[in-house]
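Peer 1: All the letters of the sequence shown, read from the start, carry residue numbers -18 to 73 under the numbering used here. The beta carbon of each residue, even a glycine, is placed where N, CA and C say it ideally should be.
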Amino acid sequence: CPQCNVRNAYGLIHNRCVFSDKQMVRIQETPDEVPAGETPASIVMFAYDDLVDAVRPGDRVEVTGLFRAQARRVNPKITRLKSVYRTYVDVI
């Protein structure tokens, strides 16, 4: 940037930007299907654009999406990765 003398700086050009909605939804198994004494399993899902605010807490849903696994970093500043992955579903 010639004004602040910083290399590799980014600027936001408002009239060329495209924004989209994104919502994180956590779903879990229904209590009817969980054996007695066990905790229901849950998973994080990400909904985009038209699917944002489509569900409310307590709704029963059937989801189609992409199951993804993302490597976790030991430290954000270090490139070394953990052997544990963060899993989530991108809703289609």
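Please give me, in chain order, every unbroken run of the beta strand (DSSP E) with length at least 3 that falls completely inside the region -16 to 68.
Peer 2: You should have 3 to 9, 23 to 29 and 46 to 54.
Peer 1: Can you grab the Cα-Cα spacing for the pair T20 / R49, in whole Å?
Peer 2: For this step, residue 20 is matched to residue 39 along the sequence shown. For this step, residue 49 is matched to residue 68 along the sequence shown. Roughly 23 Å between the two C-alpha positions.
Peer 1: What is the rounded straight-line gap between the Cα of L(-7) and the Cα of D71?
Peer 2: As a first step, residue -7 must be located in the sequence shown, where it is residue number 12. As a first step, residue 71 must be located in the sequence shown, where it is residue number 90. Distance between the alpha carbons of L(-7) and D71: 27 Å.
Peer 1: Does M26 pass the burial test, meaning 16 or more other C-beta atoms within 10 Å, or should it be called exposed?
Peer 2: Mapped onto the sequence shown, residue 26 falls at position 45. Looking at its Cβ environment, which holds 16 or more other Cβ atoms inside 10 Å, M26 is buried.
Peer 1: Can you tell me the Cα-Cα spacing of N(-4) and E14, whole angstroms?
Peer 2: As a working mapping, residue -4 is identified with position 15 in the sequence shown. As a working mapping, residue 14 is identified with position 33 in the sequence shown. If you take the alpha carbons of N(-4) and E14, they lie about 50 Å apart.
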